[in-house]
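Visitor: So the protein sequences, as listed, match chains A, B and C. So in this note's numbering, spot 88 of the first sequence is number 118, and the numbers just go up one at a time. So in this note's numbering, spot 340 of the second sequence is number 423, and the numbers just go up one at a time. So in this note's numbering, spot 490 of the third sequence is number 491, and the numbers just go up one at a time.
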Amino acid sequence: MSGLTEAAKQKIRDLLACYPSKQAVTLPALHIAQEEARCVTREAVREIADILELSPAQIHDTLSFYGFFKDEKHPLGENRIWVCRSLACMLRGGDELLAEVCERLHVSPGQTTKDGKATIELAECLGACDGAPCILVNDKLQLRMTADAVVSLAEGRA
Amino acid sequence: MTFEPVLLRRWGKPNSQSIETYMADGGYTALKKALAMEPPKVIEAVQKSGLRGRGGAGFSTGLKWTFLPKDVQGPIYLCINGDESEPGTFNNRVLLEEDPHQVLEGIVISGYATKSTTAYLYLRYEYGDCYRTCEKAIQEMYAKNLLGKNILGSGYSLDIYLHRGACAYICGEETGLIESLEGKRAWPRIKPPFPAIEGAFRRPTVVNNIETMACVTQILDRGPEWFQSLGIPSENPKDPGSYGPKLYCISGHVNKPGLVELPLGITARELIDKHAGGVWKGRKAKAVVPGGISMGFLSADELDTKLDFAGPGKAGCLGLGTAAVIVIDDQTSMVDVLYNTCRFFAHESCGQCTPCREGTAWSAKILARIRAGQGTLKDLDTLTDISNSIGIMPGTTICGLADGAAWPIKNALKKFRPEFEEYITSGRRSQSLEVAGAH
Amino acid sequence: MSTVFINDIEIEVGPKENLVQAAERAGVEIPHYCWHHDLSVVASCRMCLVEVGEKKPDGTIAMIPKLVPACQTPAKPNTVVITNSEKVKKAQAQTLEFLLLNHPLDCSICDQAGECYLQDYTYKYGKAQSRLNEPKVQRVDKYHIGEQIALFTDRCVMCTRCVRFTREISGTSELHVTNRGSVEEIDVYPGEPCNNKLAGNVVDLCPVGALCSKDFLYKKRVWWLKTQNSVCQGCSTGCSIHVDQEENRLYRIRPRENHLAQGSFMCDEGRFGWKYIESEARLFGPRVGKLQAASQHQTAHVGNGSSSKGNGTAVLHEQAALNELATVDPWPSVLNATRQAIKSVVDSAADRFAVVLSPMMFCEEAFMLAKYIKSINKKITLALGPVPVVGEDDIYPKGPKGEPPAPGKAKFTIRAEKCPNRLGVEAILKHFQGEVINFGTITERLNSKKFDGMYLVGGYPEAWLDASVLSKLDGLSTLIVQDFMNSPLTDMATIVLASATFAERQGTVVNHAGLAQEVQQSIRGATDIRPDGRLLFDLSQRQGMYSAASIRAEMAKEIPAFGAFAGEIGELGIQLFTTVEGKSA
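(1) Under 8 Å between the Cβ atoms of Thr388(B) and Gly379(B)?
(2) For His177(C), decide whether its Cβ has a neighbour in chain A, counting only Cβ atoms nearer than 8 Å.
(3) For Ile411(B), which residues from the same chain have a beta carbon less than 8 Å from its beta carbon, with the 5 sequence-adjacent residues on both sides left out?
(4) Can you check whether the C-beta of Ile411(B) is within less than 8 Å of a C-beta belonging to chain A?
(5) Within its chain, find whatever has a CB closer than 6 Å to the CB of Gly145(B); leave out the 5 residues flanking it on each side and keep chain order.
(6) Would the segment 16-27 of chain C and the segment 72-84 of chain C be scored as touching if the rule is three or more Cβ pairs under 8 Å?
(7) Would you call the segment 167-178 of chain B and the segment 397-409 of chain B in contact, with 3 or more CB pairs under 8 Å?
(8) Would you kindly check if the distance between the Cβ of Leu370(C) and the Cβ of Ile438(C) is under 8 Å?
(9) Less than 8 Å between the beta carbons of Ile192(B) and Ala113(B), yes or no?
(10) Can you check whether the CB of Ile524(C) is closer than 8 Å to the CB of Leu226(C)?
(11) Is the shortest distance between the beta-carbon of Glu154(A) and the beta-carbons of chain B less than 8 Å?
(12) By Cβ distance below 6 Å, which residues in the same chain neighbour Phe354(C) in space, the five residues on each side in sequence not counted?
(13) Does DSSP classify Asp413(B) as helix, strand or coil?
(14) Would DSSP call Cys254(B) helix, strand or coil?
(15) Using 8 Å for Cβ pairs, my map puts Glu209(B) next to Cys162(B). What's the rounded Cβ distance?
(16) Look up Asp464(B) in the DSSP assignment and say whether it is helix, strand or coil.
(17) So with Cβ pairs under 8 Å, would you call Phe95(A) a contact of chain C?
(18) In whole angstroms, what is the alpha-carbon distance linking Thr288(B) and Cys119(A)?
(19) In this structure, does DSSP put Met64(C) in helix, strand or coil?
(20) With a 10 Å radius around its C-beta and 16 neighbouring C-beta atoms as the bar for buried, classify Asp391(B) as buried or exposed.
(21) Assuming Tyr397(C) and Ile150(C) form a contact by the criterion Cβ under 8 Å, report the distance between their Cβ atoms to the nearest whole angstrom.
(22) What does the Cβ neighbour count give for Thr85(B), buried or exposed, with the cut at 16 atoms within 10 Å?
(23) Determine which residues of the segment 161-182 of chain B have a Cβ less than 8 Å from any Cβ of chain A, and write them out in chain order.
(24) Under the three-state reduction of DSSP, which class applies to Asp484(C): helix, strand or coil?
(25) Taking the beta strand (DSSP E) that Asp188(C) belongs to, which residues open and close that run?
(26) Could you check whether the Cβ of Gln73(C) sits closer than 8 Å to any Cβ belonging to chain B?
(27) Excluding the 5 residues flanking Cys33(B) on each side, which residues of the same chain have their C-beta closer than 6 Å to its C-beta?
(28) Under 8 Å between beta-carbons, which chain A residues line up against Val189(C)? List them in chain order, please.
(29) Relative to the alpha-carbon of Arg272(C), which residue among Gly286(C), Arg255(C) and Leu261(C) has its alpha-carbon at the smallest distance?
(30) Starting from Cys213(C), trace the beta strand (DSSP E) in both directions and tell me its first and last residue.
(31) Could you tell me whether any Cβ in chain B is nearer than 8 Å to the Cβ of Lys67(C)?
(32) List the residues that DSSP assigns as beta-bridge partners of Ile10(C).
(33) Which residues in the same chain have their Cβ closer than 8 Å to the Cβ of Lys115(B), if we skip the five residues on either side of it in sequence?
(34) Does any residue of chain B have a CB that is nearer than 8 Å to the CB of Arg162(C)?
(35) Flag this pair as yes or no: are the beta carbons of Ile7(C) and Val89(C) separated by less than 8 Å?
(36) Quick check: the Cα distance between Trp112(A) and Ile333(B), rounded to an integer number of angstroms?
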C-alpha cells in the first residue's frame, strides 16, 4: 500500500510549528493519515516516523495504544459508526442496539459491511448520555438512536 | 428562589457560539478586567472564590496555579483537559458546542494568571462539533486580538492550539493527557515531579478542566464573592468547601435526561425528581451513580446525599467526580451494571501498572462468568479482594483509574450483596445481550 | 551520606539512591521487576511496594498510610522503610498473583528457569495458589523479534525494561509496547527486527523468560552452568563479563556489571563472538619444522577461510605423529627447539631477529616474553603486532538518524580498536624496548630485508596478516609463530607454538581507559595446546608453576607503570594508567 500524499506530508510538517517537540505531532499526523486513506498504512507510519525523527516502532507504540487507527488490512468503510455500550447507554438499550445493528448488517464490531459503506464499532462512553442510546458517525454525535436509524445511516440512506 | 443559570445562560440561544453574541452579552469584559490586574491578583481572586477543579479530583484551582515555580525562564504550558470520557459526563461537550467563547475567555485569563506561553486544548476525538466550534471561535479571537501577540495591548501573548485525542479514557488523567499530547502512549507519569514543576515537554504546566475555565471567566466577571455565595460552605478548616455553580449531567432511567446548572450541594433525590422528571416508567431508583461510574453507587436509601464535594464520600462513594448522575431503576440487575463498569475499566486500563492491568481484566472476566451462570460465592470475595488491592489509595497504582474501577465493585458488593448472592445461588443468567468484538 | 532505617537496620546511603538500593546496602531484598539502575524509573510493576515513614528529630515516626514503590522513593535522611510487614507481604503476594494470572506454567521448558525472578519471588513472596477460574490468555510467540532474540509473549510481565533499553541505551528504539491494557504486548515494527549491536542485552534485562537468546535457547539448564569472571576481548572497551561453562564447554557470555569498566551491558559482537574458540581451524598441538609442500597447500587453504576446514588439523595431527610427539608431551622438545632457533639467529646477528608482541596478549604474557627476549640479547627488536581497527568508535545511544550522541552523553561504546590490551602491551614495550615500534615499521624493515628470524605472537580470532606481509615472512630462515588458530602464517612457520584463547588462559588486560582487569581461566583447551602464560613461563625456563599473580608482583617491582600490580586486582579491576580518554563508557 502506498504512503502519504505530498499534501498530507506538508500538513504534517506545518504542524511542527505548533509544538516544541516533533513527537507531539504523532497523533495529529496519524489523524491526517487515516482521514486520507481510511487507514494508516505501514508506509505512512514509516513516513510519519521519518518526518518526526522517530522510529516506526515509536509511532506504532502510540498508534496501537488508542485502538482508533486501522491498519491497511482493515481500512474503514465510507462511514464509521460507533455504538455506545457504556452504562448510561446500556441502561437505555445500548447493548441491544449494537446487537441488532450488527445482526442486520452482518458484521461484528470492528468490521466493515461487505459493500464498504460502514464500519461498525463498539464505543465506550461517547459523552452524549443525555441522548442515550447514542452513536458517533465519523466525528458527529447522534442522539436517541434506534436500530432502524443506525442501519439506514450505515446503508447510506439517511 | 430558583437559580438562574450562569454558565449555561446562552445555551440554546440563536448563534450562541459566535463571538458577536458573546460580546453583546458582555463577553470578554472579564478578560479585560483580568488584564488590568497583576497576574498574582488574578490567582488571588480565583483562590478567594474557592473554585475547585471540575474535572473530578476537586483540587483547588487557584492553589494549583501557585505551585508553578516563581520566575520561570522559558515556556509555561496550559493544558486544557477536554478529554471528557467519564461515563455519564457530557457537560464539557455542551459548553464547547454551545458557548465556546466563555471557555476560551477563561483559558486566556488562566493563561495570563499563570504566565503561560502556550495553551493546548486537548479535545476528545468524539467531540467533532466541539472541535469545529472551537476552531472557528479561536479564529474569531485572533481576528479581535483576543489571542496571539500582545493581547488587547496588554503585553501578554498567548496561542491556543486544539489537539484531538483518539478515544482513550486515560487521556483524561492529567499526566496521561500530557503524555498523549507529547505523542506517546498515554501512560500516566509517576509523581513527583508534578506537572507544575515538570509537565508538558518537561516544562512547568497547568492542567485544567473545561468547566473550570468557564467558572474562571464568571469569577473574574462577577467577582469571587458571587462564586462564594453559591454552594455549600466549608464545614471545617480541613474542608475547602463546595462553592459555585455546577453542571450536573443526568442520564439513565429518568424521564428527562439532560444537563442542569445548580449551586453545588443539591441532593440526588431533588436532582432526579425536580430536574430530571423523576425515575422513568413510574419505577423507583435502585442505585444512583453520583459522579461518573468511577465514583461508585448510592443506594436507594442514600438519595438524600448532597452532591457537593464532600457528600458522596460520606455515603461511601469515591467522591463527587464529574457530578454526572446516572439513575438505575429497580428493574435493572446490579450484576449487569457492575459487569458494565468492570468491562469499561478493563477496556480503558492503560496497562502500565500490574494491579490495574490485571485486576480490571480479571474482575471483568469474573463478572462475565457470573453472568453466564457460572459464578460462585467465593467469586464475590475475590472481587472484593481485587477492589481493595488496586488504586492509588492503597498505593498500588500510579494513577486513579484503578480506584475508579475498584469503587463500583466495593459499593456494589457492600450495598447490593444479597442481590449478587441470590443471582449466583439461583443460577441465573444475564438477559441482556452482549456482542463480542474488538476495536 | 544520609541515614535511613530499613526494618530497624540503620544504614548509611549515598546521594541519589532509592530505597531498593538502600535496602540492598542493609542486606534486605526488595523485590522488583521494572526498576533497573541504568534505566529510567517507571514504577509500574508494583513489586517493590513498601511502607515508608520519617523519623522525626524527637524520635517519633510518622508513616505514610499507603504503600509506596521503593524504586521511586529517594532514600532521604531519616527515611523509615518497612519491607516485611503483613501489609507489604500481602501486596507482594497480590502483585505476584496478578503477574501470574495469565503466565503459562511452562517452567519445565523455559530457559529462564533457575534464574527467573518470577520463580524466585513467587517462592519467597508469593502465594501457592491462584484464584483464577478463567482460561489463561494465550499469546503468539515472536521468534522474529530479533536475529538473536525470541519473545515468548505470554511469559512477559510488561516491565518494559527492554523497550526502555532500546530507547535510552541503544537509542535505536526498535522495541515498543503495542495495544493497551491487558492485551498489550512487546513487539517490533513489521520488517524492523531488533538487531542493533546491543540487542542481546534485552535478554539479560528481561527478569523473566520472555526474551530469550536464540543462541543459548534450549542448550543447557542454567543450574548446571559454572561461571567465571572474565573480560571481553572484542575491543578495547574491555567489558567485564561472566563466562558460563559446563564440562569444559562454553555456553554463554553475559555482561558482568562493572561501573569502572563498561557499566551493565555488552555488545553482541562480544556476547556471541566467542565461537572461534570451538573452531575446527584451531591448532591442536605444536610443531617444529616446515610443513611438507603438499600439506602446506592444503592448510594454506584452510587459513584462507575455505570450506574445507578440518583438513589442516588432520594434517597437523599427522605431522605430530610423524614427529613422534603424539604420545608424549611434545612441549619440552618444542620449547627447546624454539630456544635453539632463536639462539642460532641471535648468535650470528642479534639485530636481525625481531619479536612481535600481540595486543591480544595478557600483560603477564607480554612481560615474560619481553623479559626473556631481552635477557637473551638486548639488540633483539621488540615490536607491537598489528592493532586491528575497524571503522570508528560506535557510540550509543544513537540519535534518530543513527548519529552518535552529543559529547558527554555516551552510555556505551563499541570501540574501533578490536583488541583488549594494546595499552598494557605498549607499556611493557616502552619498558623493555624504550619505545613502541609498530608493525608498520616492522613490515618496512622486512621489505628491506633487515631480519633473518622472527617470533610472532598472534591470538587474533581471525587471520591477521595480509598476503604482502606473508610473502616477506616466507623468506625468513626462522619463523616462530605463537597462535591458537591455523592460518597461512602458521602454515609457513618453522615452529608453531599452539596457544590458547582467552577462555583457556589467565591474566590481565588493560582497557582503553587504563583499567586493568583480570581474565580467569574458564575452560581447559585441547591436551596439546598450551595456555600462553604457561608456555612463556616454560620457554623462559622459570622455576615452578605459572601464576598470573606472581608474575604481576614481579612486574610491579620491575616496571613503575605496573606499580599497582603489587595489590589485588579485585573483581572490578584497578586503574593502572590514566589515559587522555579517561574512564568513559
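All residues carry an ideal CB built from backbone N, CA and C; glycine is no exception.
Guide: This is what the structure gives:
(1) Numbered from its first residue, the second sequence carries residue 388(B) at position 305. Numbered from its first residue, the second sequence carries residue 379(B) at position 296. Not in contact: Thr388(B) and Gly379(B) (Cβ atoms no closer than 8 Å).
(2) Against the third sequence, residue 177(C) aligns to sequence position 176. True, the Cβ-Cβ gap to chain A drops below 8 Å.
(3) By 1-based counting over the second sequence, the position of residue 411(B) is 328. If we look at Ile411(B) and ignore the five residues flanking it on each side, its Cβ neighbours are Gly335, His336, Ala368, Lys369, Ala370, Val371, Val372, Phe380, Met417 and Val420.
(4) In the second sequence, counting from the first residue as 1, residue 411(B) sits at position 328. Cβ-Cβ to chain A under 8 Å: yes for Ile411(B).
(5) The count along the second sequence starts at 1 and reaches residue 145(B) at position 62. Answer for Gly145(B): Ile126, Val129 and Gln130, listed in chain order.
(6) yes
(7) yes
(8) As a working mapping, residue 438(C) is identified with position 437 in the third sequence. As a working mapping, residue 370(C) is identified with position 369 in the third sequence. Their beta carbons are not under 8 Å apart, which means Ile438(C) does not touch Leu370(C) by this criterion.
(9) Against the second sequence, residue 192(B) aligns to sequence position 109. Against the second sequence, residue 113(B) aligns to sequence position 30. Yes, the pair counts as a contact, with Cβ atoms nearer than the cut-off.
(10) Here the question's residue 226(C) lines up with position 225 in the third sequence. Here the question's residue 524(C) lines up with position 523 in the third sequence. Cβ atoms of Leu226(C) and Ile524(C): not closer than 8 Å.
(11) Counted from its first residue, the first sequence places residue 154(A) at position 124. It does; some Cβ of chain B falls within 8 Å.
(12) In the third sequence, counting from the first residue as 1, residue 354(C) sits at position 353. Answer for Phe354(C): Val346, Val347, Ile381 and Gly454, listed in chain order.
(13) Sequence index remark: in the second sequence, residue 413(B) carries index 330 (1-based). Three-state DSSP puts Asp413(B) in coil, outside helix and strand.
(14) Here residue 254(B) refers to the residue found at position 171 when the second sequence is read from its first residue. Note: Cys254(B) maps to helix in three-state DSSP.
(15) Start at 1 with the first residue of the second sequence, and residue 209(B) comes out as number 126. Start at 1 with the first residue of the second sequence, and residue 162(B) comes out as number 79. About 19 Å separates the two Cβ atoms, so there is no contact after all.
(16) Within the second sequence, the letter at position 381 stands for residue 464(B). Helix, per DSSP.
(17) If you number the first sequence from 1, residue 95(A) lands on position 65. Phe95(A) counts as touching chain C.
(18) The residue given as residue 288(B) occupies position 205 in the second sequence. The residue given as residue 119(A) occupies position 89 in the first sequence. Whole-angstrom Cα-Cα distance: 35 Å.
(19) Taking the first residue of the third sequence as position 1, residue 64(C) is located at position 63. If DSSP states are grouped into helix, strand and coil, Met64(C) belongs with the strands.
(20) Numbered from its first residue, the second sequence carries residue 391(B) at position 308. Buried, because 16 or more other Cβ atoms sit within 10 Å of the Cβ of Asp391(B).
(21) One-based indexing of the third sequence puts residue 397(C) at position 396. One-based indexing of the third sequence puts residue 150(C) at position 149. That belief does not hold up - the Cβ atoms of Tyr397(C) and Ile150(C) are roughly 17 Å apart, past 8 Å.
(22) Here the question's residue 85(B) lines up with position 2 in the second sequence. Exposed, by the Cβ-count rule.
(23) Glu167, Ser168, Glu169, Pro170, Gly171, Thr172, Phe173, Asn175 and Arg176
(24) As a first step, residue 484(C) must be located in the third sequence, where it is residue number 483. Strand, per DSSP.
(25) Position 187 of the third sequence, counted from the first residue, corresponds to residue 188(C). Counting along the chain, the beta strand (DSSP E) containing Asp188(C) begins and ends at Glu186 to Val189.
(26) Working through the third sequence from its first residue, we reach residue 73(C) at position 72. Chain B, which has a Cβ nearer than 8 Å to the Cβ of Gln73(C), makes this yes.
(27) The first residue shown for chain B is 84 and the last is 522, placing residue 33(B) beyond what the model contains.
(28) Sequence index remark: in the third sequence, residue 189(C) carries index 188 (1-based). The answer, in chain order, is Ala87.
(29) By one-based count along the third sequence, residue 272(C) stands at place 271. Nearest of Gly286(C), Arg255(C) and Leu261(C) to Arg272(C), Cα basis: Arg255(C).
(30) On the third sequence, residue 213(C) is found 212 positions in, with the first residue counted as 1. Cys213(C) -> beta strand (DSSP E) spans Leu212 to Ser214.
(31) In the third sequence, residue 67(C) corresponds to position 66, counting from 1. Chain B, which has a Cβ nearer than 8 Å to the Cβ of Lys67(C), makes this yes.
(32) The residue given as residue 10(C) occupies position 9 in the third sequence. Ile10(C) pairs with Ile7(C).
(33) Taking the second sequence and counting its residues from 1, one reaches residue 115(B) at position 32. If we look at Lys115(B) and ignore the five residues flanking it on each side, its Cβ neighbours are Leu235.
(34) Taking the third sequence and counting its residues from 1, the one referred to as residue 162(C) is at position 161. Answer no: the Cβ-Cβ gap between Arg162(C) and chain B never drops below 8 Å.
(35) In the third sequence, counting from the first residue as 1, residue 7(C) sits at position 6. In the third sequence, counting from the first residue as 1, residue 89(C) sits at position 88. It is not a contact, given that the beta carbons lie outside the stated cut-off.
(36) As a working mapping, residue 112(A) is identified with position 82 in the first sequence. As a working mapping, residue 333(B) is identified with position 250 in the second sequence. So the alpha carbons of these two residues sit roughly 22 Å apart.
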